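A.B. asks: Quick one: the structure is below, and I'll ask about it shortly.
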Amino acid sequence: MRTPRPSSLAWPWKRSRATAVGSGGEGAIRLFHVSKSYSAGSFALRDVSLEVGRGEFVFLTGPSGAGKTTLMKLIFAAEHPSEGQIVVLGRNIARLGEAAVPQLRRRIGVVFQDFKLLPRRTVEENVGLALDVVGTPRRKARAKVFSILKQLGLHHRRYHHPLSLSGGEQQRVAIARALVNEPEILLADEPTGNLDPELTVEIMDLIASAATRGTTVLVATHELDLVARYGKRSVRLKSGRIVEDSPRGGPVR
Amino acid sequence: MNAMNSWTAKLSYFGRTAYHGLRASPVTSTVAVAIIGISLVLVGAFVLLIANMEELLDRFGQDLRVTAYLEAGLSEDRRRELIGIFETVEGVESVRIVSEAEALERFQAGVGRGEALLEGLDENPLPASLEITLVPANRSASGMERVVESLNGLPGIEELASGRDWVEGYLRFVALVRGLGIGLGAILALATLLIVANTIRLGVFARRDELEILSLVGASRLFVNTPFLLEGLLQGAAGGLFALLLLYALFRLVLPGFEFGLEFVMGGISPRFFGGSEALALVFSGAALGLLGSGAALAGDLRR
Numbered sequence: 001m002r003t004p005r006p007s008s009l010a011w012p013w014k015r016s017r018a019t020a021v022g023s024g025g026e027g028a029i030r031l032f033h034v035s036k037s038y039s040a041g042s043f044a045l046r047d048v049s050l051e052v053g054r055g056e057f058v059f060l061t062g063p064s065g066a067g068k069t070t071l072m073k074l075i076f077a078a079e080h081p082s083e084g085q086i087v088v089l090g091r092n093i094a095r096l097g098e099a100a101v102p103q104l105r106r107r108i109g110v111v112f113q114d115f116k117l118l119p120r121r122t123v124e125e126n127v128g129l130a131l132d133v134v135g136t137p138r139r140k141a142r143a144k145v146f147s148i149l150k151q152l153g154l155h156h157r158r159y160h161h162p163l164s165l166s167g168g169e170q171q172r173v174a175i176a177r178a179l180v181n182e183p184e185i186l187l188a189d190e191p192t193g194n195l196d197p198e199l200t201v202e203i204m205d206l207i208a209s210a211a212t213r214g215t216t217v218l219v220a221t222h223e224l225d226l227v228a229r230y231g232k233r234s235v236r237l238k239s240g241r242i243v244e245d246s247p248r249g250g251p252v253r
Numbered sequence: 001m002n003a004m005n006s007w008t009a010k011l012s013y014f015g016r017t018a019y020h021g022l023r024a025s026p027v028t029s030t031v032a033v034a035i036i037g038i039s040l041v042l043v044g045a046f047v048l049l050i051a052n053m054e055e056l057l058d059r060f061g062q063d064l065r066v067t068a069y070l071e072a073g074l075s076e077d078r079r080r081e082l083i084g085i086f087e088t089v090e091g092v093e094s095v096r097i098v099s100e101a102e103a104l105e106r107f108q109a110g111v112g113r114g115e116a117l118l119e120g121l122d123e124n125p126l127p128a129s130l131e132i133t134l135v136p137a138n139r140s141a142s143g144m145e146r147v148v149e150s151l152n153g154l155p156g157i158e159e160l161a162s163g164r165d166w167v168e169g170y171l172r173f174v175a176l177v178r179g180l181g182i183g184l185g186a187i188l189a190l191a192t193l194l195i196v197a198n199t200i201r202l203g204v205f206a207r208r209d210e211l212e213i214l215s216l217v218g219a220s221r222l223f224v225n226t227p228f229l230l231e232g233l234l235q236g237a238a239g240g241l242f243a244l245l246l247l248y249a250l251f252r253l254v255l256p257g258f259e260f261g262l263e264f265v266m267g268g269i270s271p272r273f274f275g276g277s278e279a280l281a282l283v284f285s286g287a288a289l290g291l292l293g294s295g296a297a298l299a300g301d302l303r304r
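Here is the structure:
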C-alpha cells in the first residue's frame, strides 16, 4: 500500500542534525515536574517528567481521561502548564511570547482522531494550508503537496473534497498536511481511533515511517495491540501521572 | 527575492481566502454592503446639501453691500463729501450714489405689473442712497458689521442698512444643517461599524474550524486576521461605491422633481454633485468603515 519514498525527497536538515547531535542525543521534548489543572484541586496532569529524544518514536498510552491529549496540547503550546517546565525543540513553552507560538508550531506536525480537515477545500488546499502560512510560493507549494500526496498514495485525489473520501483517506490527508512542512516533531492524538483495523495498520505505518526519517514521533493511543505490534518505547499515563515507561524496543517493523 | 516570493504567496492566499469568505456567505455580505451604502447615502446627502449651501452663501456674498439712506434735501456738496468719507473707510471697495429718481425707477422695475401701487403718489417718496461695495474679504456678517460701525452717526445719513441679518440667519441655518449632518453621520457611522463588526464576527464564527486548523499549522494572528480585514475593506468599498451611484441617481433623477423647493433654498443657483476627489473620499470612507468594523470584530479573542 505504501509508496516507497524516492531518495531525492529525503529531508536534508534531518541528516545534518543527526550528524551534529546524534539521533536522540538531545531531547526534542522535555517535561520537568509538569502539572496541569483546569479547576482547583482537579489535575489533568500531575508531576509529569518525560524526555523524548530527537528522532525517537514513543507511544503514549492509557485509558480515556488519563491526560494523553492534555500532554499533547502542552507540547504544541495550545495549553500552558500550571506548574513545571516544558522545553520543546530548545524553546521553553512557558516563556514563549504570542509571536513565537506560531514559529514553534511550524516545526511540529499534528494529527487528530477527527482529522480536522476543511470540508469546503480540496485535498490539495487542505494539505497546502501548512505551506500557505509560511508563505511558500504557489508553484513550489503545489509541487510539495503533490509529492507528499504521491507518497501517501493520494495524488489522484488531490482535487477531491475531504467528505468524498473514506475515513482512511481523510486521515492520510491529515498526515500529509502534518508532514508537508517536514516537521521536526509529529504528534498524533488517537490517529486511528476512527478507523477499521486494516486501515489502522496502514496509517500507523505511515506515521512510523516519519520516525525513520529522523522526525520525533509521539503517538497517543489506547490500543495496546498497536503498541505491541511496533515494539517501541511506551509511556503509560493513568489519572494524569506516568505509571510506566517501558524501554524502547526494536526496529519499527 | 525569496522574501518577496513569500509575500506574494501570502497576498495571493489573503485574496483567495477573502474571496472564499465573501462567496461563502453572500447574504450577510450583501446586507453589510447595503447597510454601509445606505448610511453613506444619508451622510453623503448631508455633505452635498452643506456644500451647496456654502456655495450659495459664497455667491450671495458677492452681492452683499451696505446701503446708506441719505436725509431728504441733503445738498450736492454734502453728498459728494460723504462719498469722499466713505471711500476712505477701510474695507470699502467703491461707493455709488443712487439718486431719488433712480431709486424710483428701480422700484418700478422691481414691482413690475404692480404699477398701480405708485399711482396716486404726488411726489417721489424714496430717498437717495449711497451703495457701498465692500472688498471681498469684508463680504461677511462681521465684515459688514465693522463697516457699518465706522459709518454710524455721520451727519446727513438717515439709516444704514445691510444684509447682515440675512447673512447671520443663513449662517445659523447652515451651521444647524452641518450640526445635524455631523450628529447623524456619527450615529450612522457607529451603527454601521457595529453591523460590519457583527457581520465579520458571524464570518469568524462560521469559520472557527478553519481558524483552529490555521492556528495548529502555525499561522500568526496577522495571517489569520488579514483575510477578514480584507473582507471588511472590500465590503466597505463596495458600500461606498453603491452609495455614490445611488446618490448620483437621486441627484440626476429625483432632484429635478423638486424644482420649486430647490429654487427656494438655492435661489436659482443650480446644485452641484461631488467632484472626483470627493467621490473618491466617499468610497474611501466606506472602505475605512469596513476595515474598522472588521478590526473591531477581531479585537476580541479569536480562537488560537
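Protein chains in written order, with our numbering: chain A, 1 to 253; chain B, 1 to 304.
We put the CB at the ideal spot given by N, CA and C, even for glycine.
Note that this is a predicted model, so its numbers are computed, not measured.
Which value, in whole angstroms, describes the spacing of the CA atoms of alanine 175(B) and leucine 49(B)?
C.D. replies: Taking the straight line from one Cα to the other gives about 12 Å.
A.B. asks: Report the three-state DSSP secondary structure of glutamine 85(A) (helix, strand or coil).
C.D. replies: DSSP places glutamine 85(A) in strand when its eight states are reduced to three.
A.B. asks: Give the straight-line distance between the Cα atoms of valine 227(A) and valine 58(A), rounded to the nearest whole angstrom.
C.D. replies: So the alpha carbons of these two residues sit roughly 9 Å apart.
A.B. asks: Compare the Cα-Cα distances from valine 173(A) to each of Leu206(A), Val201(A) and Gly62(A) and report the closest residue.
C.D. replies: It is Leu206(A) whose Cα lies nearest to the Cα of valine 173(A).
A.B. asks: Would you mind telling me which residues of chain A sit closer than 9 Å to valine 254(B), beta carbon to beta carbon, in chain order?
C.D. replies: Those do not exist, as valine 254(B) stays about 43 Å from chain A at its closest Cβ, beyond 9 Å.
A.B. asks: Quick one: does glutamate 231(B) have its CB under 9 Å from some CB of chain A?
C.D. replies: Closer than 9 Å: no.
A.B. asks: Which residues in chain A sit within 8 Å of arginine 272(B), going by Cβ to Cβ distance?
C.D. replies: Result: empty, since nearest Cβ-Cβ is about 48 Å, beyond 8 Å.
A.B. asks: Return the chain-ordered list of same chain residues with a C-beta closer than 8 Å to the C-beta of valine 21(A), the five sequence neighbours on each side being excluded.
C.D. replies: With a pLDDT of 32 at valine 21(A), under the threshold of 50, the predicted position of this residue should be treated as unreliable, though the coordinate-derived value follows. Cβ within range, chain order: Arg54.
A.B. asks: Check whether the stretch 270 to 285 of chain B touches the stretch 208 to 216 of chain B, taking contact to mean three or more Cβ pairs, one atom from each stretch, closer than 8 Å.
C.D. replies: Verdict: no, contact absent.
A.B. asks: Quick check on the DSSP output: what are the complete alpha helix (DSSP H) runs of length 4 or more inside the stretch 167 to 229 of chain A, in order along the chain?
C.D. replies: With a minimum length of 4 residues, the continuous alpha helix (DSSP H) runs that stay inside the stretch 167 to 229 of chain A are 167 to 179 and 197 to 212.
A.B. asks: Does isoleucine 187(B) pass the burial test, meaning 16 or more other C-beta atoms within 10 Å, or should it be called exposed?
C.D. replies: That one is exposed.
A.B. asks: On the criterion of 16 or more Cβ atoms from any shown chain inside 10 Å, does glycine 25(A) qualify as buried, or is it exposed?
C.D. replies: At glycine 25(A), the pLDDT of 43 sits below 50, so the modelled position is not reliable; the number obtained from the coordinates is stated separately. Answer is exposed; the Cβ neighbour count stays below 16.
A.B. asks: For asparagine 124(B), name the three-state secondary structure that DSSP assigns.
C.D. replies: The answer is coil: DSSP assigns asparagine 124(B) none of H, G, I, E or B.
A.B. asks: Note the first and the last residue of the continuous alpha helix (DSSP H) segment covering isoleucine 108(A).
C.D. replies: That residue, isoleucine 108(A), is in no alpha helix (DSSP H); its beta strand (DSSP E) goes 108 to 112.
A.B. asks: Per the DSSP calculation, valine 92(B) is bridged to which residue(s)?
C.D. replies: Answer is Leu134(B).
A.B. asks: How is proline 12(A) classed by DSSP in three states: helix, strand or coil?
C.D. replies: Because the pLDDT at proline 12(A) is just 37, under 50, the model does not fix this residue reliably, and the point stays unresolved.
A.B. asks: Quick check on asparagine 194(A) - is its C-beta less than 9 Å from some C-beta in chain B?
C.D. replies: No, its Cβ sits nowhere closer than 9 Å to a Cβ of chain B.
A.B. asks: Compare the C-beta of alanine 287(B) with all C-beta atoms of chain A and state if any pair is closer than 9 Å.
C.D. replies: No, alanine 287(B) lies away from the interface with chain A (no Cβ there is under 9 Å from its Cβ).
A.B. asks: Residues of the stretch 97 to 115 of chain A with a CB closer than 9 Å to any CB of chain B: list them in chain order, please.
C.D. replies: The residues in question are Glu98, Ala99, Val101, Pro102, Gln103, Leu104, Arg105, Arg106, Arg107, Ile108, Gly109, Val110 and Phe112.
A.B. asks: Please list the partners that serine 220(B) has in chain A, where partner means a Cβ-to-Cβ separation under 8 Å.
C.D. replies: What serine 220(B) touches in chain A: Ala99, Pro102 and Val133.
A.B. asks: Should tyrosine 38(A) be labelled buried (16 or more other beta-carbon atoms within 10 Å of its own) or exposed?
C.D. replies: By the 10 Å Cβ count, tyrosine 38(A) comes out exposed.
A.B. asks: Under 9 Å between C-beta atoms, does glycine 22(A) make it to chain B?
C.D. replies: Any answer about glycine 22(A) is weak, because its pLDDT of 33 lies below 50 and its placement is not dependable; what the coordinates show is given next. Chain B contact via Cβ: absent.
A.B. asks: Within this structure, are the beta carbons of glutamate 202(A) and glycine 168(A) separated by less than 9 Å?
C.D. replies: Yes.
A.B. asks: Would you decide whether leucine 129(A) is buried or exposed? Buried here means 16 or more other CB atoms lie within 10 Å of its CB.
C.D. replies: Buried.
A.B. asks: Taking 9 Å as the cut-off, decide whether the C-beta atoms of glycine 290(B) and alanine 237(B) are in contact.
C.D. replies: Taking 9 Å as the Cβ cut-off, glycine 290(B) and alanine 237(B) qualify as a contacting pair.
A.B. asks: Confirm, please, whether the CB-CB distance from valine 135(B) to glutamate 71(B) is below 9 Å.
C.D. replies: Going by C-beta atoms, glutamate 71(B) is not nearer than 9 Å to valine 135(B).
A.B. asks: Is there a Cβ from chain B that is less than 9 Å from the Cβ of aspartate 245(A)?
C.D. replies: Cβ-Cβ to chain B under 9 Å: no for aspartate 245(A).
A.B. asks: Based on Cα-Cα distance, which residue from Phe112(A), Val235(A), Ile108(A) and Arg241(A) lies nearest to valine 180(A)?
C.D. replies: The option with the nearest alpha carbon to valine 180(A) is Ile108(A).
A.B. asks: Does DSSP put lysine 36(A) in a helix, in a strand, or in coil?
C.D. replies: Looking at lysine 36(A) - three-state DSSP - the assignment turns out to be strand.
A.B. asks: Output needed in chain order: residues of the stretch 3 to 25 of chain B with a Cβ under 8 Å from some Cβ in chain A.
C.D. replies: Within the stretch 3 to 25 of chain B, the qualifying residues are Asn5, Ser6, Trp7, Thr8, Ala9, Lys10, Ser12, Tyr13, His20 and Ala24.
A.B. asks: At what residues does the alpha helix (DSSP H) containing serine 285(B) begin and finish?
C.D. replies: It spans 276 to 299 - the alpha helix (DSSP H) in which serine 285(B) sits, taken as one unbroken run.
A.B. asks: In whole angstroms, what is the alpha-carbon distance linking arginine 252(B) and serine 99(B)?
C.D. replies: Their backbone Cα atoms lie some 46 Å apart in a straight line.
A.B. asks: Terminal residues of the continuous alpha helix (DSSP H) containing valine 224(B)?
C.D. replies: 221 to 249 is the extent of the alpha helix (DSSP H) around valine 224(B).
A.B. asks: Note the first and the last residue of the continuous alpha helix (DSSP H) segment covering lysine 73(A).
C.D. replies: Residues 68 to 75.
A.B. asks: Measure from the C-beta of leucine 216(B) to each C-beta in chain A and report whether the shortest distance is under 9 Å.
C.D. replies: Answer yes: the Cβ-Cβ gap between leucine 216(B) and chain A drops below 9 Å somewhere.
A.B. asks: Does any residue of chain B have a CB that is nearer than 9 Å to the CB of valine 217(A)?
C.D. replies: Not closer than 9 Å to any Cβ of chain B, the Cβ of valine 217(A) fails to qualify, so no.
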